[in-house]
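Q:
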Amino acid sequence: MPINIGDILKGQYKVCRKLGWGHFSTVWLCQNLSNDGPIYVALKICKSAQMFTVVAQDEIKLLRDTKLIDPLHMGYRHIVQMVDTFKLLSVNGVHTAISMEIMGPSLLHLLIQSDFRGIHLSGVKRIITQVLKGLTYLHERCRIIHTDIKPENILIKVDENYIKNIIGKTEKFAELGIDMPRSYVASDCWIDKDRSIRDSDENILSKFEEQRGQSYPYDKFLGELPDFRRRHCEPRLNAPMWVSPNIEIKIADLGNACWEEHHFSSEIQTRQYRALEVILGSGYSFPADIWSVGCMCFEMATGEMLFSPKGEREPAANLDHLCLIWETLGGIPQYITENGTNVRHYFTNGELLGVDRKLLRIWKIEDVLVEKYKWKRVDAIPFAGFLESLIEPDPALRLTASMALQSEWITMNE
Ligand code: ADP
Ligand code: MG
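Mapping to full-length UniProt numbering: the sequence shown position 279 is 279, numbers consecutive.
1) Roughly how many whole angstroms lie between the Cα atoms of Thr96 and Ile362?
2) Considering only heavy atoms of the ligand MG and the C-beta of each residue, which residues fall inside 5 Å, strictly closer?
3) I'd like the span of the beta strand (DSSP E) that includes Gln31, first residue to last.
4) Can you list, in chain order, the residues of its chain whose CB lies under 8 Å from that of Leu353, leaving out five sequence neighbours each side?
5) Taking 6 Å as the cut-off, is the C-beta of residue 426 nearer than that to any heavy atom in the ligand ADP?
6) Between Leu369 and Lys376, what straight-line distance do the alpha-carbon atoms span, to the nearest angstrom?
7) Quick one, which of Phe24, Trp28 and His139 has its alpha-carbon nearest Cys16's?
8) What three-state label does DSSP hand Phe307 in the structure shown?
9) Between Arg141 and the rest of its own chain, which residues show a CB-CB distance below 7 Å, the 5 nearest in sequence each way excluded?
10) Just checking Ala42 against the ligand ADP - is the residue's beta carbon closer than 6 Å to any of the ligand's heavy atoms?
11) Among Gly330, Asn4, Ile247 and Lys61, which residue has its Cα nearest to the Cα of Gln81?
12) Can you grab the Cα-Cα spacing for the pair Gly330 / Glu392, in whole Å?
13) Determine the extent of the alpha helix (DSSP H) in which Lys44 is found, giving its start and end residues.
14) With DSSP run on the structure shown, which of helix, strand or coil describes Lys61?
15) For Leu63, tell me which candidate among Val83, Ile45, Ala404 and Leu110 has the shortest Cα-Cα distance.
16) Taking the alpha-carbon of Met100 as reference, which of Lys125, Leu397 and Leu19 has the nearest alpha-carbon?
17) What residue does the beta strand (DSSP E) around Leu155 start on, and which one ends it?
18) Taking its Cβ as the centre, do 16 or more other Cβ atoms sit within 10 Å of Ala186, making it buried, or is it exposed?
19) When you compare each of Asp367, Trp326 and Ile365 to Leu359 by their alpha carbons, which one comes out closest?
20) According to DSSP, is residue 435 helix, strand or coil?
21) Is it true that the segment 137 to 156 meets the segment 265 to 281, where meeting means three or more beta-carbon pairs spaced less than 8 Å apart?
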């Protein structure tokens, strides 16, 4: 749908700039010109093809449930809420539009800004606690499975001034009569140089010189920069307001969600966050989301994915994924490998098909944290214990969202 900055949609929503996009939609930051509702909203405009419209209708039903079922629940405010929905006509056909409360960058942005080194454990704990509260509400009150928990879909709350600032930049270009840089119209507005929390190159140069006690030619330094950055620069976590100690997040994108009693697909979740039972085709429910939380929790703390299987095609990708899970858990109980529509492709008598067990290197999370990420063992032990209870291979034994909220790692003091 051709949308321009400055367009007024439904006589009410003034388009300010693009916020992001996904498979189904483009999301715009809009100012709400009516006296009703919030001043700024995120307007998700879905593609017009019939298939997208059907998916959008389901998303609206799911959003309606989460909006109405229990506003007093402690997890309610950790789910991005719908404000309004309507239809738009374009040359391409009918588009479903959903306005939602406005949020800021996603956890993926946070990871990018940390140069993929992860964020402090206290921040991880705060974020994961809120994700679990949101899931308690979705699972236990709404009976909804999100099916796509991952850093991109967890959004950070920002205040109105932050939003104004983002819009202000766009308006300045218009005032000056300058065409906006493509990045402002087309790209992701949160990744933008002057707001970056990365140390600037100049800052790092002075750190570099300080360490060596001599000045250093800038050109030469630039060649060594990426490596130096990796080794010596701590993520500057308190720089921007959205990584402040009181960071607040909400779960977004119910575009793939479903009800416990009404699934839309047997293959769910983004590859790296996909639960064991989904890979095996042995049926899934709420525990599949908890597995994804475990993967995401590791990633927020280390900056790297817990499982990143190689290959796109099946069965190679699944087999690699299963090997990684095996190595991380130190094995997969045989009874888990006996049920599921896909197990015969990957297992025989509890052994991975075509994989020499001697070539698997058992590497438990605790040791990965200590050996690869140089954590102190005292920090690694409780964190690894928590993660292992989220990626427990048997979904029936995996912690539920409310059990996870009571777990030791979440409740213990620093
Ligand atoms: P899709 O279902 O097409 O994947 P999403 O709902 O994930 O769409 O939205 C796509 C992107 O738009 C998100 O990754 C995020 O960057 C941005 N976005 C979505 N909802 C909001 C919101 N409420 N506030 C701010 N940005 C949002
Ligand atoms: Mg999405």
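For each residue, glycine too, the CB sits at the ideal point set by N, CA and C.
A: According to the structure shown:
1) 49 Å
2) Gly22 and Asp253
3) Ser25 to Asn32
4) Leu319, His345, Tyr346 and Phe347
5) The requested residue 426 is not part of the displayed model; the chain covers only 1 to 414.
6) 8 Å
7) Trp28
8) coil
9) Ile69, Asp70 and His73
10) yes
11) Lys61
12) 11 Å
13) Taken as a continuous stretch (DSSP letters only), Lys44 belongs to no alpha helix (DSSP H), being part of the beta strand (DSSP E) at Tyr40 to Cys46.
14) helix
15) Val83
16) Leu19
17) Ile154 to Ile156
18) The predicted position of Ala186 is uncertain, since its pLDDT is 37 and thus under 50; no value can be drawn from it.
19) Trp326
20) This structure does not reach residue 435, given that the chain is present from 1 up to 414, and the question cannot be answered.
21) yes
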